[in-house]
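Undergrad: Numbers given in my numbering equal positions in the sequence shown, counted from 1, plus 323.
Here a beta-carbon is modelled for each residue, glycine too, at the ideal position from N, C-alpha and C.
Take this structure first; my questions come after.
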Amino acid sequence: MSKKDLEETIKEKVSPMLEETMEKHWGITIPQFGEELSDKLKNPQMNIYVPSNLSFSAAKKVFKSEFLKRELRLQKGNISQLAKILGIDRRSVHRVIKRLGIDIDSVREKIQSGEDYQEHFVDQALRSTLDQYKEIIQPQKMEKMYQEVGTLSRNIAKVIPHQDVTWKEAEKEFEKQFLGRALKESKGKVGKTADKLKIRVETLHRKIKKLGIVV
Numbered sequence: 324m325s326k327k328d329l330e331e332t333i334k335e336k337v338s339p340m341l342e343e344t345m346e347k348h349w350g351i352t353i354p355q356f357g358e359e360l361s362d363k364l365k366n367p368q369m370n371i372y373v374p375s376n377l378s379f380s381a382a383k384k385v386f387k388s389e390f391l392k393r394e395l396r397l398q399k400g401n402i403s404q405l406a407k408i409l410g411i412d413r414r415s416v417h418r419v420i421k422r423l424g425i426d427i428d429s430v431r432e433k434i435q436s437g438e439d440y441q442e443h444f445v446d447q448a449l450r451s452t453l454d455q456y457k458e459i460i461q462p463q464k465m466e467k468m469y470q471e472v473g474t475l476s477r478n479i480a481k482v483i484p485h486q487d488v489t490w491k492e493a494e495k496e497f498e499k500q501f502l503g504r505a506l507k508e509s510k511g512k513v514g515k516t517a518d519k520l521k522i523r524v525e526t527l528h529r530k531i532k533k534l535g536i537v538v
């Protein structure tokens, strides 16, 4: 599914599901809720926790390791298939796995189907988005919405299957999200952010421009 097709599916199938459920339990619809969830669904490769207090190089290493392990589980440990999806050769995948110290046997013991992963991903995205509205919506109404998460997750996962991404796409999206978050935490101060992430100011400026990060 292309990014354009994904956006259309979210607009035509996911948004109506959310609006119907909000109307049913809250009596209103909140467009921002749908927009925030949609942003998370459009970037599945970012469903990986990376501590924000790490240097840029350390954070990137953590992301690469967790991303590779996740994709290996989804491909049932098949490195040839993974290399094809990532858009790099098999030898490169082996090299990265060795450099990052990934235990292939351990990963293969925890294989996961794309369907199960996607349902879990949507479930987490829904819950984290709902958590942001706890202070706005009445507790009783929030509880009813949380009770719908399981059903919503299954239904959304059916229309939005797990999206395969190349190594370059995943790396680019990680940098954009991680640097964007770091800049936001530093209130847009490039020098302060660069110092915190242990990278040169010139390097950060270059990445901001290249990745289209709004400061």
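Please report the straight-line C-alpha distance between L391 and I420, rounded to a whole angstrom.
TA: Taking the straight line from one Cα to the other gives about 8 Å.
Undergrad: Where do the N-terminal and C-terminal ends of the alpha helix (DSSP H) with I531 fall, by residue?
TA: Looking at the DSSP string, the run of the alpha helix (DSSP H) that includes I531 is 524–534.
Undergrad: Report all residues from its chain with a CB closer than 8 Å to the CB of Q326; omit the five preceding and five following residues, and keep chain order.
TA: Residue identity differs from the one stated: residue 326 is Lys in this sequence, not Gln. Correct list, in chain order: K365.
Undergrad: Which residue comes first and which comes last in the alpha helix (DSSP H) that contains L449?
TA: L449 -> alpha helix (DSSP H) spans 437–454.
Undergrad: Does the separation of the CB atoms of A480 and V513 fall below 8 Å?
TA: Taking 8 Å as the Cβ cut-off, A480 and V513 do not qualify as a contacting pair.
Undergrad: Looking at V373 and G400, is the spacing between their C-beta atoms short of 8 Å?
TA: The answer is no: Cβ separation not under 8 Å.
Undergrad: Consult DSSP for Q398 and reduce its assignment to one of helix, strand or coil.
TA: Note: Q398 maps to coil in three-state DSSP.
Undergrad: Report yes if the CB atom of L534 is closer than 8 Å to the CB atom of K510, and no otherwise.
TA: Not a contact, by the Cβ cut-off of 8 Å.
Undergrad: Distance, Cα to Cα, K519 vs G473?
TA: Cα-Cα distance, rounded: 39 Å.
Undergrad: Alpha carbon to alpha carbon, how far is K457 from D412?
TA: Rounded to whole angstroms, K457 to D412 spans 47 Å at the Cα level.
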